[in-house]
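Residue numbers (our numbering): 574 to 874. Glycine included, each C-beta is placed from N, C-alpha and C at the ideal position. From a predicted model like this one, the values you see are computed outputs, not experimental measurements. Scroll down for the structure; my scribbles are underneath it.
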Ligand code: NAP
């Protein structure tokens with residue numbers, strides 16, 4: 574594969590392992606993180622430090638960003654010291670953050686005016702998928718640009734072309750509906766079982782072997798019944814995604830009643846101060862409604 578200098582901006586829970594996989598894949602890397610200390614592990618592996626988003630872009634043939642929300646992506650690309658202030662025409666830009674499709678299209682248009690092709694490429698698969706390079710990658714933009722970027726995506730997971738600019742973010746919004754509702758379904762099942770006196774480990778074992786089985790349950794279930802809510806995926810980010818879902822639904826006159834309920838329940842998590850916990854901590858909201866705690870009995874013995 575052709576070695577390209579890749580600039581990577583945003584080394585959080587997802588960005589750090591994704592950048593590590595690009596480095597292991599043989600690409601020279603220039604990294605930037607707003608909080609500089611988070612760059613250290615990548616620098617120790619041989620990446621170079623960028624001074625700003627602008628500096629990273631000026632030194633790279635491809636720029637990838639993995640930051641939190643729509644305003645952050647606007648700041649990273651359109652800000653005074655942003656990517657577009659530094660990128661040479663022809664530099665390939667890829668935003669892998671989960672943001673509003675409207676913002677994705679707006680930033681890609683500004684990039685195109687500077688002669689830089691841009692893809693929206695949000696991911697699913699969590700921190701485990703990021704470490705194992707098994708992320709589902711949902712890509713919007715020109716198909717020809719997607720084909721050029723494919724070998725880079727394949728170092729992080731499985732890319733799927735979804736359609737024109739913004740289409741990757743639309744598919745990601747669909748994904749976040751299903752993930753939130755699976756999480757709530759698991760929480761309600763475990764709460765009913767616990768309140769009625771059945772060991773949550775038994776409930777989980779039986780459901781995981783039948784039609785109700787899901788990846789959410791397989792990956793998060795065992796941790797939930799241990800009361801382990803270390804992120805993973807911070808609940809404040811899933812709340813942000815459910816806001817994107819409802820905004821997008823309104824724009825397309827689409828009625829999503831269960832997503833609206835999920836949005837309210839995830840909102841309650843934020844009000845309780847649980848925004849930094851993993852999104853599976855939604856079970857704490859469901860537990861509080863019935864005044865019960867779900868813990869494996871074996872764990873308590
Ligand atoms: P995270 O651990 O909170 O990391 C966020 C990163 O973005 C940090 O490096 C942060 O810098 C940087 N950042 C935020 N705002 C910025 C700004 N205005 N300018 C420059 N840098 C900024 O979050 P994460 O879990 O890696 O998630 C990143 C994105 O992936 C989000 O859009 C999320 O929804 C999505 N996602 C996450 C998961 C998951 O399981 N975690 C799965 C799929 C998709 P600092 O270090 O300075 O704060």
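Under the three-state reduction of DSSP output, residue 581 falls in the strand class. Selection 867, 827 and 808 evaluated against residue 838 yields 808 as nearest (Cα-Cα). The beta carbons of residue 629 and residue 640 sit no closer together than 8 Å. In this structure, residue 713 and residue 739 form a Cβ contact; the two beta carbons are roughly 5 Å apart against a cut-off of 8 Å. In this structure, residue 680 lies away from residue 750, with their beta-carbon atoms at least 8 Å apart. Sequence-distant partners of residue 616 (beyond 5 residues in either direction) whose C-beta falls short of 7 Å from its own C-beta, in its chain, are 622. Residue 668 is bridged by DSSP to 638 and 693.
The C-alpha of residue 855 is placed about 12 Å away from the C-alpha of residue 801. Residue pairing by DSSP places residue 800 in no beta bridge whatsoever.
Taking a C-beta distance under 8 Å as the contact criterion, residue 863 and residue 768 qualify as a contact pair. Straight across, the Cα-Cα distance linking residue 754 with residue 793 is about 14 Å. DSSP, reduced to helix, strand and coil, places residue 650 within a helical segment of the structure shown. With contact defined as three or more Cβ pairs closer than 8 Å, the stretch 700-714 and the stretch 650-666 are not in contact.
The stretch 807-859 is shown to contain whole alpha helix (DSSP H) runs of 4 or more residues at 808-824 and 830-844, in chain order. Judged by DSSP in its simplified three-state form, residue 725 adopts helix. A Cβ-Cβ distance of about 6 Å is found for the pair residue 670 and residue 646, placing them in contact under the 8 Å criterion. Between residue 602 and residue 620, the C-beta gap is smaller than 8 Å, which places the two residues in contact. Residue 786 is positioned such that its CB atom lies no closer than 8 Å to that of residue 869.
Counting only runs of at least 4 residues, the stretch 735-793 fully encloses the following alpha helix (DSSP H) elements, listed from N- to C-terminal order: 740-768 and 773-781. Contact between residue 733 and residue 665 does not hold, since their C-beta atoms are separated by about 18 Å, which reaches or exceeds 8 Å. Between the ligand NAP and residue 697, a heavy atom-to-CB distance of less than 7 Å is present. Short note on residue 586: C-beta closer than 7 Å to some heavy atom of the ligand NAP. With a cut-off of 7 Å, the C-beta of residue 707 is classified as distant from the ligand NAP, since no heavy atom of the ligand falls inside that distance.
Non-local beta-carbon contacts of residue 841 in its own chain, meaning distances under 8 Å to residues more than five positions away in sequence, involve 858 in chain order. Residue side-chain check: residue 816 keeps its Cβ at 7 Å or more from all non-hydrogen atoms of the ligand NAP. For residue 714, the distance from the CB to the nearest heavy atom of the ligand NAP is not below 7 Å.
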